[in-house]
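Colleague:
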Amino acid sequence: NAGVTQTPKFQVLKTGQSMTLQCAQDMNHNSMYWYRQDPGMGLRLIYYSASEGTTDKGEVPNGYNVSRLNKREFSLRLESAAPSQTSVYFCASSERGSNSYEQYFGPGTRLTVT
Amino acid sequence: KNEVEQSPQNLTAQEGEFITINCSYSVGISALHWLQQHPGGGIVSLFMLSSGKKKHGRLIATINIQEKHSSLHITASHPRDSAVYICAVRTSGSRLTFGEGTQLTVNP
Chain R
1 NAGVTQTPKF QVLKTGQSMT LQCAQDMNHN SMYWYRQDPG MGLRLIYYSA SEGTTDKGEV
61 PNGYNVSRLN KREFSLRLES AAPSQTSVYF CASSERGSNS YEQYFGPGTR LTVT
Chain W
1001 KNEVEQSPQN LTAQEGEFIT INCSYSVGIS ALHWLQQHPG GGIVSLFMLS SGKKKHGRLI
1061 ATINIQEKHS SLHITASHPR DSAVYICAVR TSGSRLTFGE GTQLTVNP
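Line order of the protein sequences matches chains R and W. Numbering of the first sequence is given in the numbering used here, commencing with residue 1 and proceeding in unit increments. Numbering of the second sequence is given in the numbering used here, commencing with residue 1001 and proceeding in unit increments.
#1: Inspect the beta-carbon positions of W:L1032 and W:S1092 and report whether they are closer than 7 Å.
#2: Which residues in the same chain have their Cβ closer than 7 Å to the Cβ of W:R982, if we skip the five residues on either side of it in sequence?
#3: Quick one: is W:K1099 near chain R, going by C-beta distance under 7 Å?
#4: Do we get a CB-CB distance below 7 Å when we pair W:S1045 with the residues of chain R?
#5: Grouping DSSP H, G and I as helix and E and B as strand, with all else coil, what is R:S84?
#6: Counting only C-beta atoms, is R:S31 closer than 7 Å to chain W at any point?
#7: What's the gap between the Cα of W:R1095 and the Cα of W:I1086?
#8: What is the DSSP secondary structure of W:D1081, counted as helix, strand or coil?
#9: Any Cβ of chain C within less than 7 Å of the Cβ of R:E73?
#10: Taking all protein chains shown into account, do 16 or more other C-beta atoms lie within 10 angstroms of the C-beta of R:T109, making it buried, or fewer, making it exposed?
#11: Taking all protein chains shown into account, do 16 or more other C-beta atoms lie within 10 angstroms of the C-beta of W:T1102, making it buried, or fewer, making it exposed?
#12: Counting only beta-carbon atoms, is W:G1041 nearer than 7 Å to chain R?
#13: Report, in whole angstroms, the separation of the C-beta atoms of R:T79 and R:R68, which I expect to be a contact under 8 Å.
#14: Using DSSP with H/G/I as helix, E/B as strand and the rest coil, what is W:F1018?
#15: Select from W:D1081, W:Q1037, W:T1097 the residue whose C-alpha is nearest the C-alpha of W:F1018.
#16: Strictly below 9 Å CB to CB, what residues from chain R border W:R1080?
#17: Between which two residues does the beta strand (DSSP E) holding W:Q1036 run?
#18: Alpha carbons only, please: which of W:S1030, W:W1034, W:I1029, W:G1016 is nearest the one belonging to W:N1022?
#19: Taking 7 Å as the cut-off, decide whether the C-beta atoms of R:S75 and R:S31 are in contact.
#20: How is the beta strand (DSSP E) around W:L1049 delimited, first residue to last?
#21: Considering W:K1055, what are the terminal residues of the beta strand (DSSP E) in which it resides?
#22: In this structure, what does DSSP give as the bridge partners for R:T20?
As structure tokens, then:
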């Protein structure tokens, strides 16, 4: 099992460009999340999806859109990138079970917007 | 004030030392998570606690619900324990709120 995979690992964008970050999990989890991590701050939730077909805003949703394509995949789109969106982005998934809501993280995408 | 506060922010220790990282939170929670972020960036879950104490190898996590406080202890620390340790609380559903992390460096 690959767990949670993210593509790309690195990306440089110019201000105003758009891109989609891809995330997939093979653990049959219902819930998926997108976070950003900035120096001196904790991980902050951008959007999450409690189950296939649903998405909800997190703490910092402005400038982002998401799509829960199916149970496996959850993508994050930047329509018009801004330097303030320079960050490391993590996707995660979780499922309620014996380890209730333990979250499994992808390797991260390091995004620079110039 | 953040809902989740960790201390210290940075910690340097010598190999073999006993290490304690603290986490305080200000909201009611259903569970508290400790995670480790490796120097390469990957994040893994270490513990999930709703009461008491858990132990895994040289790592011990405790929580005091009444005092809204948790500690992560590392016994006989080793350079490979060098990482960022992150506390996160779950208040409802599956969403987590994260502390800023504690950067631990263990020198040989």
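The beta-carbon is built from N, C-alpha and C at its ideal position, and this holds for glycine as well.
Modeller: If we stick to the structure as given:
#1: Translated into the one-based positions of the second sequence, residue 1032 of chain W becomes position 32. Translated into the one-based positions of the second sequence, residue 1092 of chain W becomes position 92. Not a contact, by the Cβ cut-off of 7 Å.
#2: In the structure as shown, chain W starts at 1001 and stops at 1108, and residue 982 of chain W therefore has no counterpart that could be examined.
#3: Residue mapping note: residue 1099 of chain W aligns to position 99 of the second sequence, counting from 1. A quick correction: the sequence has Gly, not Lys, at residue 1099 of chain W. Among the residues facing chain R, W:G1099 is included, as its CB has a counterpart in that chain under 7 Å away.
#4: In the second sequence, the residue the question calls residue 1045 of chain W occupies position 45. By this cut-off, W:S1045 is an interface position.
#5: Start at 1 with the first residue of the first sequence, and residue 84 of chain R comes out as number 84. It is helical.
#6: For the purposes of this step, residue 31 of chain R is taken as the residue at position 31 of the first sequence. Answer yes: the Cβ-Cβ gap between R:S31 and chain W drops below 7 Å somewhere.
#7: By 1-based counting over the second sequence, the position of residue 1095 of chain W is 95. By 1-based counting over the second sequence, the position of residue 1086 of chain W is 86. Rounded to whole angstroms, the gap between the alpha carbons of W:R1095 and W:I1086 is 15 Å.
#8: Within the second sequence, numbered from 1, the residue matching residue 1081 of chain W stands at position 81. W:D1081 falls in the helix class under three-state DSSP.
#9: Although the question refers to chain C, the structure presented lacks it and instead comprises the protein chains R and W.
#10: Walking along the first sequence from the start, residue 109 of chain R turns up at place 109. Buried, by the Cβ-count rule.
#11: Position 102 of the second sequence, counted from the start, is the residue given in the question as residue 1102 of chain W. Its Cβ being crowded by 16 or more others within 10 Å, W:T1102 is buried.
#12: Within the second sequence, numbered from 1, the residue matching residue 1041 of chain W stands at position 41. At least one beta carbon of chain R lies nearer than 7 Å to the beta carbon of W:G1041.
#13: For the purposes of this step, residue 79 of chain R is taken as residue 79 along the first sequence, with counting starting at 1. For the purposes of this step, residue 68 of chain R is taken as residue 68 along the first sequence, with counting starting at 1. Just to set this straight, residue 79 of chain R is Glu in the shown sequence, not Thr. Between the beta-carbon of R:E79 and that of R:R68 there is about 18 Å, and that puts the pair past the 8 Å contact cut.
#14: Within the second sequence, residue 1018 of chain W is the residue found at index 18, counting from 1. DSSP places W:F1018 in coil when its eight states are reduced to three.
#15: The residue labelled residue 1018 of chain W in the question sits at position 18 within the second sequence. With distances taken between Cα atoms, W:F1018 lies closest to W:D1081.
#16: Working through the second sequence from its first residue, we reach residue 1080 of chain W at position 80. Within 9 Å Cβ-Cβ: nothing; W:R1080 doesn't reach chain R, min ~19 Å.
#17: The residue given as residue 1036 of chain W occupies position 36 in the second sequence. For W:Q1036, the uninterrupted beta strand (DSSP E) segment begins and ends at 1031 to 1037.
#18: As a working mapping, residue 1022 of chain W is identified with position 22 in the second sequence. Cα-wise, what sits closest to W:N1022 is W:W1034.
#19: Position 75 of the first sequence holds residue 75 of chain R. Position 31 of the first sequence holds residue 31 of chain R. Their beta carbons are not under 7 Å apart, which means R:S75 does not touch R:S31 by this criterion.
#20: Within the second sequence, numbered from 1, the residue matching residue 1049 of chain W stands at position 49. Counting along the chain, the beta strand (DSSP E) containing W:L1049 begins and ends at 1043 to 1049.
#21: Within the second sequence, the letter at position 55 stands for residue 1055 of chain W. For W:K1055, the enclosing beta strand (DSSP E) has its first and last residue at 1052 to 1056.
#22: The residue given as residue 20 of chain R occupies position 20 in the first sequence. BP columns for R:T20 point to R:R77.
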